[in-house]
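In the numbering used here, the protein residues as written are 218 to 699.
From the three backbone atoms N, C-alpha and C, an ideal C-beta is built for every residue, glycine too.
Here the structure comes first, spelled out in structure tokens, and everything after it is commentary.
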């Protein structure tokens with residue numbers, strides 16, 4: 218992290234006042250978020266339950282209704298972090314964990330600036346630092362007991378370690394220097410921990426590990442940078458480090474549940490629970506925005522479903538509307554989705570896919586992706602999700618529009634930076650494209666699913682306000698002082 222801090226210093230001979238001022242500003246913003254908008258309900262309680270049982274009772278499980286059972290619905294990365302925080306700050310004390318996340322997010326800001334510096338220089342780094350420090354979309358997650366803050370840190374650290382590794386001057390002999398081993402270890406550990414936090418976390422390694430090999434295959438002695446033999450050896454080390462925890466996790470799941478599960482179930486269901494395939498397929502024909510996810514999808518099992526909250530696209534005909542209404546009424550009698558009800562939802566979904574395959578296989582996934590990128594990122598704030606209803610809450614709607622405009626401005630700035638074709642252009646594009654491809658497969662959109670791209674987007678946005686040296690190209694890594 219000290220390497221990243223030195224990397225954001227503006228130019229030789231100047232002081233670090235702007236860096237410390239930025240950090241102080243970022244600290245104040247995030248502490249205010251923790252005090253004003255802490256989010257500790259829902260998933261944070263699940264993570265906390267796993268952490269308490271794991272660290273204090275030796276059971277990787279969840280306690281519900283006074284009973285504890287083993288679980289595999291969450292990867293161990295975040296429960297491990299919470300467990301350490303509970304040991305340090307007190308069992309079940311989330312505040313300490315949130316304060317650690319505040320510091321982690323500030324570290325991410327430094328890494329974003331360091332990335333921008335390596336891509337475009339000191340001016341881009343200064344802009345990227347302030348953009349990251351003041352970004353409310355990422356700062357708000359420091360106040361939530363969720364994986365996002367640590368995920369952003371590990372992704373930023375993975376990319377920074379990768380850049381330092383491929384730019385490292387190799388030793389005169391064919392061996393590997395201590396610094397190269399150090400950056401390799403940092404790359405492997407950060408990419409591995411990113412994968413242990415969320416099922417979509419492996420994308421950092423999926424993109425960076427092959428890129429490490431390609432950089433080595435491209436270079437030939439006596440050129441500077443990583444060479445083929447070195448890249449193969451270093452890649453092997455990365456793969457072994459990543460394989461160890463996932464092998465242990467997979468073995469544990471097989472021994473405990475007799476299922477092969479190297480990550481976590483897509484629908485967060487235990488082995489003895491149904492994944493509700495009919496409901497999932499039907500909801501994929503209905504939801505195009507986060508409001509639908511919030512109002513309908515999250516209320517399944519234990520909460521009534523409000524038919525009037527369904528969007529108009531939930532029905533293709535009056536007959537379908539009546540059938541859907543009947544399904545909701547039957548569900549609301551018990552507030553539980555039985556296998557028979559799930560099958561009926563599946564039949565309705567099959568009919569809709571048959572009648573309009575293009576709409577539900579192409580148009581709706583693209584709409585969900587657009588919603589995740591462009592909607593107002595106010596999901597962590599106490600404002601209405603129905604941001605378009607000005608007459609219902611004019612002040613909240615204006616605030617939502619402002620947030621949407623801020624998000625759009627950031628995306629435009631990032632595109633401007635990307636158009637300059639910085640070093641590692643294709644790696645950056647590959648990571649964002651892989652993320653979008655994954656999100657196209659989701660039935661229910663959430664804005665936080667695009668947040669993992671923000672370390673790169675903020676670094677690119679900083680480049681929009683700087684003139685990058687013309688000697689760099691998208692195929693040649695930049696070299697900078699540490």
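The Cβ-Cβ distance between residue 368 and residue 669 falls below 8 Å. If you draw a straight line from the Cα of residue 344 to the Cα of residue 351, it is about 11 Å long. DSSP lists 287 as the bridge partner or partners of residue 278.
Between the C-alpha atoms of residue 640 and residue 431 there is a straight-line separation of about 15 Å. Taking a cut-off of 8 Å for Cβ pairs, the stretch 623-638 and the stretch 295-311 do not touch, as fewer than three such pairs fall below it. In the three-state reduction of the DSSP assignment, residue 525 falls in the helix class, which pools H, G and I. Taking the C-beta atoms as reference points, residue 292 is found nearer than 8 Å to residue 415.
Residue 565 has its alpha-carbon roughly 11 Å from the corresponding atom of residue 539. Here the alpha carbon of residue 398 sits roughly 44 Å from the alpha carbon of residue 584.
As DSSP reads the structure, residue 361 sits in a beta bridge with 256.
Restricting attention to 507, 454, 478, 248, the CA atom closest to the CA of residue 465 is found in 478. Our two residues, residue 676 and residue 333, have alpha carbons roughly 5 Å apart in a direct line. Counted as a single uninterrupted DSSP element, the alpha helix (DSSP H) harbouring residue 571 occupies residues 556-572. Distance from the CA atom of residue 511 to the CA atom of residue 674, rounded to whole angstroms, is 26 Å. Here DSSP, grouped into helix, strand and coil, assigns residue 341 to helix. Residue environment for residue 645: buried (at least 16 other C-beta atoms within 10 angstroms of its C-beta).
Residue state for residue 304 is assigned as helix, using DSSP reduced to three classes.
In the assembly as shown, residue 318 is a buried residue. Its beta-carbon has 16 or more other beta-carbons within 10 Å. Using a Cβ distance threshold of 8 Å, residue 331 and residue 375 do not count as a contacting pair. Non-local beta-carbon contacts of residue 598 in its own chain, meaning distances under 8 Å to residues more than five positions away in sequence, involve 254, 357 in chain order. Using a C-beta cut-off of 8 Å, the stretch 255-265 makes no contact with the stretch 455-475, since fewer than three inter-stretch Cβ pairs fall below that distance. Taken in chain order, the stretch 627-670 contains no complete beta strand (DSSP E) segment of 3 residues or longer.
Taking every protein chain shown into account, the CB of residue 304 has fewer than 16 other CB atoms within 10 angstroms, so this residue is exposed. Per the C-alpha coordinates, the member of 290, 663, 266 positioned closest to residue 476 is 290. Annotation for residue 381: 400 place their beta carbon closer than 6 Å to its own, counting only its chain and skipping 5 residues before and after. Annotation for residue 518: no alpha helix (DSSP H) segment contains it, and DSSP assigns it neither H nor E.
A direct Cα-Cα distance of roughly 32 Å separates residue 521 from residue 653. Around the Cβ of residue 515, a 10 Å sphere holds fewer than 16 other Cβ atoms; the residue is exposed. If the five residues before and after residue 562 are omitted, its C-beta is found closer than 7 Å to the C-beta atoms of 495, 496, 499, 544, all from its own chain and listed in chain order. For the set 630, 590, 503, the Cα lying nearest the Cα of residue 573 is the one of 503. When DSSP assignments are scanned along the stretch 406-464, the uninterrupted stretches of alpha helix (DSSP H) that are 4 or more residues long and fall wholly within it turn out to be 420-435. For residue 587, the uninterrupted alpha helix (DSSP H) run begins and ends at 581-591, by DSSP. Along the length of the stretch 463-501, whole alpha helix (DSSP H) runs at least 4 residues long occupy 494-500, reported in chain order. Excluding sequence positions up to five before and after residue 667, its CB lies within less than 6 Å of the CB of 589, 590, all in the same chain and listed in chain order. Rounded to whole angstroms, the separation of the alpha carbons of residue 556 and residue 474 is 22 Å. CA-CA distance, residue 642 to residue 567, rounds to 41 Å.
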